[in-house]
Structure formats: structure tokens, C-alpha cells
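Here's the structure we're looking at; comments come further down.
Residue numbers (our numbering): 6 to 152.
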């Protein structure tokens with residue numbers, strides 16, 4: 006069975022990326038693995054004395070992300086496609102490429118843009134770097150929505 010890795014940032018665009026992956030999975034009888042990469046700065050806030058780490062904030066954020074990801078996993082499974090999900094923390098591009106290797110992925114299905122254009126300009130495009138460094142095929146779902 007083929008495996009598709011679908012990294013999502015849980016933005017509004019995530020459902021469109023998932024729908025694209027479901028179409029591809031049905032065509033090739035592939036399994037879908039949804040991946041959410043939580044930021045390394047989850048749990049940090051800027052206060053009067055600089056950055057503060059609040060473990061309860063991190064725990065709450067990760068739990069909310071896991072619930073949303075679980076809802077997406079159930080959505081895919083309900084369409085007759087075998088699906089499970091992973092939540093990892095780290096630098097998105099690095100984690101995506103590591104998971105592609107560890108999970109023996111055949112293709113990465115990724116959105117061209119999840120966050121807004123300001124975020125992309127400041128941080129860079131995860132999609133661009135995944136395409137640049139991936140050793141396996143990458144299927145890109147364009148985001149045609151204007152910022």
C-alpha cells in the first residue's frame with residue numbers, strides 16, 4: 006500500500022489539502038498520514054519581563070491541535086480512506102522530511118500556503134523548502150484564495 010504524508014498547519018486551508026489527499030488516496034489505494042508540526046515556541050508568552058514559559062499554555066495548545074487533527078482523521082476515515090495522524094514539535098520542514106523517511110512515505114501532499122503572505126515573507130515557505138529538499142515526489146495543492 007502506498008502512503009501519503011499530509012502536513013497541515015490547521016489553518017483554514019487545511020481541509021482543502023486534506024480533500025486533495027483523499028482524492029489521490031482513492032486513486033492509488035493509499036494510506037493517509039496527517040502531520041501537524043507544533044511550533045517550538047508553543048507555551049511562551051511575551052510579558053513585562055520578557056519571554057515567559059507557561060507549560061499549561063503549551064499543554065492546552067497541543068491538546069486543542071490534537072483534537073482538531075483527530076477530527077480531520079475521522080473525516081478522512083469516514084470517506085473510506087485509511088488514515089492516522091501525528092503531532093510533532095520542531096522546525097516544520099525538518100520534521101516533515103524526517104517523518105517522510107521514518108514512515109516510508111511515497112508522496113508528500115502539501116498546501117502552497119497556509120498562513121498569510123506576511124508570515125510567509127518573514128518565515129519563508131515551508132512548501133518551497135519541502136520541494137527543494139525532499140527526495141520523494143511532492144504534490145502541491147495551490148491556495149487560490151487571495152490574502
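Just so you know, even glycine gets a beta-carbon here, dropped at the ideal spot from N, CA and C.
Quantities reported herein were computed from a predicted structural model and do not represent experimental measurements.
Residues near residue i by beta carbon distance below 7 angstroms, same chain, minus five either side
i	result
residue 128	Caution is warranted here: a pLDDT of 46 is assigned to residue 128, below 50, making its placement in the model unreliable, and the coordinate value is therefore given only provisionally. Once the five neighbours on either side are set aside, residue 128 has no close Cβ partner at all.
residue 31	86
residue 131	97, 98
residue 78	39, 88, 89, 90
Length of the line joining the Cα atoms of residue i and residue j
i	j	result
residue 115	residue 11	6 angstroms
residue 133	residue 29	21 angstroms
residue 69	residue 34	30 angstroms
residue 138	residue 80	30 angstroms
residue 20	residue 95	22 angstroms
residue 140	residue 106	9 angstroms
residue 101	residue 39	11 angstroms
residue 5	residue 7	The chain is shown from 6 up to 152; residue 5 falls before or after that span and cannot be answered.
residue 24	residue 67	24 angstroms
residue 146	residue 9	14 angstroms
residue 76	residue 142	27 angstroms
CB contact flag (residue i, residue j, <9 angstroms)
i	j	result
residue 110	residue 144	no
residue 22	residue 74	no
residue 84	residue 135	no
residue 88	residue 37	yes
residue 93	residue 108	no
Neighbourhood of residue i by C-beta distance below 6 angstroms, restricted to the same chain and skipping five residues each side
i	result
residue 71	92
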